[in-house]
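Student: Position 316 of the sequence shown, counting from 1, maps to 404 under our numbering, and the rest follow consecutively.
I have a structure here, written as structure tokens, and I will follow up with some questions on it.
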Amino acid sequence: MVFLERLCSIPRIHWFQPCKRLYSNRNILKLSERGMYQDMFPNTAASDILNLLNKCPQCVYAGFDPTANSLHVGNLLVIINLLHWQRGGHNVIALLGGATGQIGDPSGRNTDRVALSNDVIQENIQCIKSNLETVFENHEKYFWPEKENKLKPLRIVNNESWYKEINSIQFVSDIGRNFRMGTMLLKQSVQSRINSEVGMSFTEFAYQIFQSYDWLHLLKEYDCKFQIGGSDQMGNISAGHELISRTVNKKVYGLTLPLVTTEEGDKFGKSAGNALWLDAKKTSPYSLYQYFLRTKDSDVERLLKLFTFYSLGEIKDIMFKHKEHPEQRYPQMCLADQLTTLVHGENGLAQARQATEAIYSKDVKSLVSLSSADLEQVFKGAPVVNLLLSPGITVLKLGMMAKCFPTESDAMRIIQAGGFYINHQRIKNINEVITESAHILPNLISLLRVGKRNYYIVKWQT
Ligand SMILES: Nc1ncnc2c1ncn2[C@@H]1O[C@H](COP(=O)(O)OP(=O)(O)OP(=O)(O)O)[C@@H](O)[C@H]1O
Ligand SMILES: N[C@@H](Cc1ccc(O)cc1)C(=O)O
89 MVFLERLCSI PRIHWFQPCK RLYSNRNILK LSERGMYQDM FPNTAASDIL
139 NLLNKCPQCV YAGFDPTANS LHVGNLLVII NLLHWQRGGH NVIALLGGAT
189 GQIGDPSGRN TDRVALSNDV IQENIQCIKS NLETVFENHE KYFWPEKENK
239 LKPLRIVNNE SWYKEINSIQ FVSDIGRNFR MGTMLLKQSV QSRINSEVGM
289 SFTEFAYQIF QSYDWLHLLK EYDCKFQIGG SDQMGNISAG HELISRTVNK
339 KVYGLTLPLV TTEEGDKFGK SAGNALWLDA KKTSPYSLYQ YFLRTKDSDV
389 ERLLKLFTFY SLGEIKDIMF KHKEHPEQRY PQMCLADQLT TLVHGENGLA
439 QARQATEAIY SKDVKSLVSL SSADLEQVFK GAPVVNLLLS PGITVLKLGM
489 MAKCFPTESD AMRIIQAGGF YINHQRIKNI NEVITESAHI LPNLISLLRV
539 GKRNYYIVKW QT
């Protein structure tokens, strides 16, 4: 944690600086230099794809099922890939799975999903739509330097809009006929479940048909020849490729991205329960910022290539600087700065830095600027107590009410020895009376500390 303490003393000029040579290229396959792709489908299609990309703007889509009320950092890699397509002058579609979310994608799961109510799905759709719009807006505002050269707008569609028009008998008869049971059964998502104890419902088994039909629909409607997704989507993407080859005889292509994992190697995601959310209410800008600031040296270059818009040359320079002064953790700052700005804008970045200062600079002014939700996020794990501000509460009484000490004699000993702080100010007098002006921040919070790092948050009710 020493580097975090040093962070506050590093001149701001080194932190986030929009770069002049931001990466942008019509040839999206070049992103493989950044480690962006895992697989291509069909795997011999590179030269066909290259021809198409160079000939004229293409259309690409990625889908997101509304199974939570926010997207997360794993999904962000897919979004960043879509942004690279947009930067290359292509048309980009984000599909919200209002219909597929009711079915449940079995990919990467070892049990059936719990069905969500329609109200929850609708609510989740609104939240995910807002995540997408925010990231695309932030990207254009902070990372697209050619302001006179407008990016093609993101198109957001919901697959419920076409399924509600389709007759189910007609669908099974027309579309279902193109799917062979043998091929469907061979998909990894089916294989891993079908012989397990819990098995698999027909509903989830049929999921691949719906994702395939989505692509066919988008191909007809918007000439969308490309689909991208995390590498767990390969089975669904290849199913769509097959449906399209059989029905309209057009060439389409799938690209998958590596799965972003935690330091322990687990996929970041909803099902794994370890998501870092894009919604500030679920993961504060501060927590997102801190997470990337803590990136291991061995991972940081790979993450800069995947999650930022620095050119490869700039990343090389950043890593060179790191070799000279590893203790400054410069690449980690570049990563945390760009990611936080992309997800939460410059205000979010400012908030994250302020919160960092609030902890490490031990300055009361920076505490005042935090909301009570921020304080709770910043001092995550710190016990929170709600207290009524009644006249005559002493420092000793406050320490006991907030359960900072096991016994009153411990409290007296520690406070008098100088080990107790209110809002970063040491208080030694056990009889000092708590007043709004001296001990309570304008946000009606007091931050108590015992020793170096045991924090307690008091929320005052007046
Ligand atoms: N950790 C990750 N790394 C890269 N891509 C991911 C990651 N998690 C999800 N994606 C991709 O994001 C897109 C949308 O995924 P989805 O909404 O199903 O999220 P999810 O977290 O995988 O959900 P669940 O865990 O419930 O399956 C898919 O293309 C998926 O492959
Ligand atoms: N199956 C994808 C989401 C998706 C839904 C519909 C599609 O057409 C494409 C993708 C997932 O769960 O991650």
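For every residue, glycine included, the Cβ atom is placed at its ideal position computed from N, Cα and C.
Because the structure is a prediction, the values reported are computed rather than measured.
Consult DSSP for residue 534 and reduce its assignment to one of helix, strand or coil.
Tutor: Taking the sequence shown and counting its residues from 1, one reaches residue 534 at position 446. Strand, per DSSP.
Student: Measure the Cβ-Cβ separation of residue 230 and residue 180 and say whether it is below 9 angstroms.
Tutor: As a working mapping, residue 230 is identified with position 142 in the sequence shown. As a working mapping, residue 180 is identified with position 92 in the sequence shown. No, these two residues do not count as a Cβ contact at 9 angstroms.
Student: Run through the segment 433-464 for me and flag every whole alpha helix (DSSP H) of 4 or more residues, listed as ranges in chain order.
Tutor: With a minimum length of 4 residues, the continuous alpha helix (DSSP H) runs that stay inside the segment 433-464 are 452-456.
Student: Give the straight-line distance between the Cα atoms of residue 339 and residue 115, rounded to the nearest whole angstrom.
Tutor: Here residue 339 corresponds to residue number 251 of the sequence shown, with the count starting at 1. Here residue 115 corresponds to residue number 27 of the sequence shown, with the count starting at 1. Spanning the two alpha carbons is a distance of roughly 18 angstroms.
Student: On a CA-only basis, which of 195, 394 and 444 is nearest residue 357? Give me that one, please.
Tutor: Walking along the sequence shown from the start, residue 357 turns up at place 269. Of 195, 394 and 444, the residue nearest in Cα terms is 195.
Student: Excluding the 5 residues preceding and the 5 following residue 522 in the sequence, name in chain order all residues of the same chain whose CB lies nearer than 6 angstroms to its CB.
Tutor: Counting from 1 along the sequence shown, the entry for residue 522 is found at position 434. Cβ within range, chain order: 481 and 486.
Student: Using three-state DSSP, classify residue 231 as helix, strand or coil.
Tutor: Here the question's residue 231 lines up with position 143 in the sequence shown. Of the three classes helix, strand and coil, the one that applies to residue 231 here is helix, per DSSP.
Student: Please indicate yes or no: does the CB of residue 116 lie closer than 8 angstroms to some heavy atom of ligand 4?
Tutor: This structure simply doesn't include ligand 4; it includes ligand 1 and ligand 2 instead.
Student: Would a C-beta distance cut-off of 9 angstroms place residue 378 and residue 446 closer than the cut-off?
Tutor: The residue labelled residue 378 in the question sits at position 290 within the sequence shown. The residue labelled residue 446 in the question sits at position 358 within the sequence shown. Cβ distance not < 9 angstroms, so residue 378 and residue 446 don't count as in contact.
Student: Based on Cα-Cα distance, which residue from 304, 383 and 201 lies nearest to residue 290?
Tutor: Counting from 1 along the sequence shown, the entry for residue 290 is found at position 202. Checking every option, the nearest Cα to that of residue 290 belongs to 201.
Student: With a threshold of 16 other CB atoms inside 10 Å of the CB of residue 288, please say whether the residue is buried or exposed.
Tutor: The residue labelled residue 288 in the question sits at position 200 within the sequence shown. Under this definition residue 288 is a buried residue.
Student: List the endpoints of the continuous beta strand (DSSP E) containing residue 197.
Tutor: One-based indexing of the sequence shown puts residue 197 at position 109. Where residue 197 is concerned, there is no enclosing beta strand (DSSP E), given that its DSSP letter is neither H nor E.
Student: What are the uninterrupted segments assigned as beta strand (DSSP E) that are 3 or more residues long and contained completely in the segment 479-534, given in chain order?
Tutor: DSSP runs (the beta strand (DSSP E)) wholly in the segment 479-534: 508-510.
Student: Identify every run of the beta strand (DSSP E) within the segment 203-260, keeping only runs that are complete inside it and at least 3 residues long; order them along the chain.
Tutor: The segment 203-260 contains these whole beta strand (DSSP E) runs: 243-246.
Student: Rounded to whole angstroms, how far is the Cβ of residue 155 from the Cβ of residue 212, which I believe are closer than 8 angstroms?
Tutor: Locating residue 155 in the sequence shown gives position 67, counting from the first residue. Locating residue 212 in the sequence shown gives position 124, counting from the first residue. That belief holds up - the Cβ atoms of residue 155 and residue 212 are roughly 7 angstroms apart, short of 8 angstroms.
Student: For residue 410, does the three-state DSSP call read helix, strand or coil?
Tutor: For the purposes of this step, residue 410 is taken as residue 322 along the sequence shown, with counting starting at 1. It is helical.
Student: Would residue 162 and residue 394 qualify as a contact pair, given that the criterion is a beta-carbon distance under 9 angstroms?
Tutor: For this step, residue 162 is matched to residue 74 along the sequence shown. For this step, residue 394 is matched to residue 306 along the sequence shown. The answer is no: Cβ separation not under 9 angstroms.
Student: For residue 269, which beta-bridge partners are listed by DSSP?
Tutor: By one-based count along the sequence shown, residue 269 stands at place 181. DSSP output for residue 269 lists no bridge partner at all.
Student: Could you spell out the range, first to last residue, of the beta strand (DSSP E) harbouring residue 342?
Tutor: The residue labelled residue 342 in the question sits at position 254 within the sequence shown. Unbroken beta strand (DSSP E) run through residue 342: 341-345.
Student: Of the residues 140, 145, 168 and 152, which one's Cα is nearest the Cα of residue 124?
Tutor: Start at 1 with the first residue of the sequence shown, and residue 124 comes out as number 36. Per the Cα distances, 168.
Student: According to the neighbour-count rule (16 or more other Cβ atoms, all chains shown, within 10 Å of its Cβ), is residue 336 buried or exposed?
Tutor: Position 248 of the sequence shown, counted from the start, is the residue given in the question as residue 336. The residue in question, residue 336, is exposed, as its Cβ has fewer than 16 Cβ neighbours within 10 Å.
Student: Does the Cβ of residue 102 have 16 or more other Cβ atoms within 10 Å, making it buried, or fewer, making it exposed?
Tutor: As a working mapping, residue 102 is identified with position 14 in the sequence shown. Residue placement at residue 102 cannot be trusted, given a pLDDT of 41 that sits under 50; what the coordinates show is reported in the next sentence. Exposed, by the Cβ-count rule.
Student: Please work out which residues of its chain come closer than 8 angstroms, Cβ to Cβ, to residue 243, disregarding the five sequence neighbours upstream and downstream, and give them in chain order.
Tutor: Here residue 243 corresponds to residue number 155 of the sequence shown, with the count starting at 1. Result list for residue 243: 179, 180, 181, 182 and 310, in chain order.
Student: Quick one, which of 458, 454 and 473 has its alpha-carbon nearest residue 531's?
Tutor: Numbered from 1 along the sequence shown, position 443 holds the residue referred to as residue 531. Of 458, 454 and 473, the residue nearest in Cα terms is 458.
Student: Are the CB atoms of residue 250 and residue 305 nearer to each other than 9 angstroms?
Tutor: Locating residue 250 in the sequence shown gives position 162, counting from the first residue. Locating residue 305 in the sequence shown gives position 217, counting from the first residue. In contact: residue 250 and residue 305 (Cβ atoms closer than 9 angstroms).
Student: Have a look at 507, 501, 479 and 513 and flag the residue whose alpha-carbon is nearest the alpha-carbon of residue 65.
Tutor: For the chain, the structure presents residues 89 to 550; residue 65 sits outside this window and is missing.
Student: Work out the CA separation of residue 176 and residue 413 for me, nearest whole Å.
Tutor: Here residue 413 is taken as the residue at index 325 of the sequence shown, counted from 1. Here residue 176 is taken as the residue at index 88 of the sequence shown, counted from 1. If I take the Cα positions, the gap works out to 35 angstroms.
Student: Mind checking whether the beta-carbon of residue 151 lies closer than 8 angstroms to any heavy atom of ligand 2?
Tutor: For the purposes of this step, residue 151 is identified with residue 63 of the sequence shown, where counting begins at 1. Within the cutoff, so yes.
Student: By the three-class DSSP mapping on this structure, what secondary structure does residue 178 have?
Tutor: Walking along the sequence shown from the start, residue 178 turns up at place 90. Correct three-state label for residue 178: coil.
Student: Please list, in chain order, all residues of the same chain as residue 470 whose beta carbon is under 7 angstroms from its beta carbon, the five residues on each side excluded.
Tutor: Stepping through the sequence shown from its first residue, residue 470 is reached at position 382. The answer, listed in chain order, is 543, 544 and 545.
Student: Pick out whichever of 505, 252 and 239 has its Cα sitting closest to the Cα of residue 170.
Tutor: Residue numbering aside, residue 170 sits at position 82 when the sequence shown is read from its first letter. Minimum Cα distance to residue 170 is reached at 239.
Student: At a cut-off of 8 angstroms, would you count residue 127 as near ligand 2, judging by its Cβ distance to the nearest heavy atom?
Tutor: On the sequence shown, residue 127 is found 39 positions in, with the first residue counted as 1. The answer is no for residue 127.
Student: Is the segment 369-388 touching the segment 423-435 in the sense that three or more CB pairs, one from each, lie closer than 8 angstroms?
Tutor: Yes, since at least three Cβ pairs between the segment 423-435 and the segment 369-388 fall closer than 8 angstroms, the two stretches touch.
Student: From residue 344 to residue 462, what does the alpha carbon distance come to, in whole angstroms?
Tutor: Here residue 344 corresponds to residue number 256 of the sequence shown, with the count starting at 1. Here residue 462 corresponds to residue number 374 of the sequence shown, with the count starting at 1. Rounded to the nearest angstrom, the two C-alpha atoms are 36 angstroms apart.
Student: May I ask which residues mark the beginning and end of the beta strand (DSSP E) holding residue 315?
Tutor: Stepping through the sequence shown from its first residue, residue 315 is reached at position 227. Per DSSP, residue 315 belongs to the beta strand (DSSP E) from 314-318.
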